[in-house]
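Undergrad:
In UniProt numbering, the protein residues as written are 1 to 118.
(1) For the alpha helix (DSSP H) containing residue 21, name the first residue and the last one.
(2) Helix, strand or coil for residue 13, going by three-state DSSP, please let me know.
(3) At the level of alpha carbons, what is the spacing between residue 18 and residue 58?
(4) Just curious, the alpha helix (DSSP H) that residue 45 is in, first and last residue?
(5) Have a look at the DSSP bridge pairing and note the partners of residue 70.
(6) Between 97, 102, 117, which lies nearest to residue 11 when the distance is taken from Cα to Cα?
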(Lines of atoms letter the chains of each structure in order from A and count residues from 1; the text may use other names and numbers.)
(Lines give C-alpha, C1' and ligand atoms only; values in the text may rest on other atoms or scores of the structure.)
Protein backbone atom coordinates (compact mmCIF):
# COMPACT_ATOMS: atom_id res chain seq x y z
CA UNK A 1 0.00 0.00 0.00
CA UNK A 2 3.02 2.33 0.29
CA UNK A 3 2.79 2.95 -3.45
CA UNK A 4 -0.53 4.69 -2.79
CA UNK A 5 0.71 6.98 0.00
CA UNK A 6 0.20 10.08 -2.15
CA UNK A 7 -2.63 9.17 -4.51
CA UNK A 8 -2.80 11.25 -7.67
CA UNK A 9 -6.16 12.79 -8.47
CA UNK A 10 -7.25 12.48 -4.85
CA UNK A 11 -10.23 14.80 -5.47
CA UNK A 12 -11.56 12.41 -8.10
CA UNK A 13 -11.60 9.64 -5.51
CA UNK A 14 -13.77 11.51 -2.98
CA UNK A 15 -17.44 10.83 -2.37
CA UNK A 16 -19.58 12.78 0.07
CA UNK A 17 -21.79 11.20 2.68
CA UNK A 18 -24.87 12.43 0.82
CA UNK A 19 -23.76 10.99 -2.53
CA UNK A 20 -22.72 7.71 -0.91
CA UNK A 21 -26.13 7.38 0.75
CA UNK A 22 -27.92 7.88 -2.57
CA UNK A 23 -25.77 5.31 -4.36
CA UNK A 24 -25.88 2.82 -1.48
CA UNK A 25 -29.67 3.06 -1.20
CA UNK A 26 -30.00 2.60 -4.97
CA UNK A 27 -27.90 -0.57 -4.82
CA UNK A 28 -25.12 1.03 -6.87
CA UNK A 29 -22.46 1.11 -4.14
CA UNK A 30 -21.11 -1.00 -1.31
CA UNK A 31 -19.27 0.18 1.78
CA UNK A 32 -15.83 -1.33 2.41
CA UNK A 33 -14.86 -1.05 6.07
CA UNK A 34 -11.05 -1.14 6.12
CA UNK A 35 -10.60 -0.73 9.88
CA UNK A 36 -8.47 -3.22 11.78
CA UNK A 37 -10.11 -6.07 13.71
CA UNK A 38 -9.44 -4.46 17.11
CA UNK A 39 -11.29 -1.31 15.97
CA UNK A 40 -14.33 -3.33 14.92
CA UNK A 41 -14.61 -4.90 18.37
CA UNK A 42 -15.80 -1.53 19.68
CA UNK A 43 -18.41 -0.97 16.95
CA UNK A 44 -19.22 -3.09 13.95
CA UNK A 45 -21.01 -2.32 10.69
CA UNK A 46 -22.81 -5.50 9.62
CA UNK A 47 -23.95 -3.89 6.35
CA UNK A 48 -20.37 -3.22 5.20
CA UNK A 49 -17.86 -5.51 3.54
CA UNK A 50 -15.14 -6.20 6.10
CA UNK A 51 -11.56 -6.27 4.77
CA UNK A 52 -8.91 -4.61 6.95
CA UNK A 53 -6.50 -2.31 5.10
CA UNK A 54 -3.55 -4.58 5.81
CA UNK A 55 -5.35 -7.49 4.09
CA UNK A 56 -6.70 -5.59 1.08
CA UNK A 57 -3.78 -6.39 -1.21
CA UNK A 58 -4.47 -10.12 -0.84
CA UNK A 59 -8.28 -9.98 -0.67
CA UNK A 60 -9.41 -7.33 -3.17
CA UNK A 61 -10.68 -10.10 -5.47
CA UNK A 62 -13.54 -10.64 -2.97
CA UNK A 63 -15.06 -7.29 -3.97
CA UNK A 64 -17.81 -6.87 -6.58
CA UNK A 65 -16.64 -5.41 -9.89
CA UNK A 66 -20.13 -4.21 -10.85
CA UNK A 67 -20.61 -1.68 -8.02
CA UNK A 68 -18.90 1.40 -6.72
CA UNK A 69 -16.64 0.45 -3.81
CA UNK A 70 -16.68 3.16 -1.14
CA UNK A 71 -13.79 2.71 1.26
CA UNK A 72 -14.13 3.99 4.79
CA UNK A 73 -12.23 4.34 8.04
CA UNK A 74 -12.95 6.61 11.03
CA UNK A 75 -11.53 9.68 9.24
CA UNK A 76 -10.32 9.29 5.69
CA UNK A 77 -6.56 8.81 5.85
CA UNK A 78 -6.44 5.05 5.28
CA UNK A 79 -9.52 4.93 3.09
CA UNK A 80 -8.06 7.35 0.53
CA UNK A 81 -5.08 5.03 0.05
CA UNK A 82 -7.36 2.01 -0.21
CA UNK A 83 -9.50 3.69 -2.87
CA UNK A 84 -6.40 4.57 -4.91
CA UNK A 85 -5.20 0.97 -4.63
CA UNK A 86 -8.55 -0.39 -5.83
CA UNK A 87 -8.71 2.03 -8.77
CA UNK A 88 -5.25 0.81 -9.77
CA UNK A 89 -6.62 -2.75 -9.69
CA UNK A 90 -9.47 -1.82 -12.06
CA UNK A 91 -12.27 -1.12 -9.58
CA UNK A 92 -14.61 1.84 -9.54
CA UNK A 93 -13.69 3.09 -6.06
CA UNK A 94 -13.95 6.23 -3.97
CA UNK A 95 -13.36 7.05 -0.32
CA UNK A 96 -15.94 8.45 2.07
CA UNK A 97 -14.76 12.02 2.58
CA UNK A 98 -16.37 12.47 6.00
CA UNK A 99 -15.33 9.03 7.29
CA UNK A 100 -17.19 6.51 9.41
CA UNK A 101 -17.48 8.77 12.44
CA UNK A 102 -19.57 11.26 10.49
CA UNK A 103 -21.55 8.43 8.87
CA UNK A 104 -22.56 7.22 12.32
CA UNK A 105 -23.47 10.75 13.45
CA UNK A 106 -25.60 11.26 10.35
CA UNK A 107 -27.61 8.09 10.93
CA UNK A 108 -28.02 8.04 14.69
CA UNK A 109 -31.42 7.49 16.24
CA UNK A 110 -34.42 7.57 13.92
CA UNK A 111 -32.28 8.72 11.00
CA UNK A 112 -30.88 5.18 10.78
CA UNK A 113 -33.99 4.26 8.79
CA UNK A 114 -32.74 6.47 5.96
CA UNK A 115 -29.90 4.07 5.13
CA UNK A 116 -31.30 0.99 3.41
CA UNK A 117 -29.59 -2.00 5.00
CA UNK A 118 -30.72 -5.62 4.85
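We put the beta carbon where it would ideally sit given N, CA and C, even for glycine. Since we're looking at a predicted model, the values are computed, not measured.
TA: The short version:
(1) 17-25
(2) helix
(3) Rounded to the nearest whole angstrom, the C-alpha separation of residue 18 and residue 58 is 30 angstroms.
(4) That residue, residue 45, is in no alpha helix (DSSP H); it is neither H nor E in DSSP.
(5) 31, 94
(6) Among 97, 102, 117, the Cα nearest to that of residue 11 belongs to 97.
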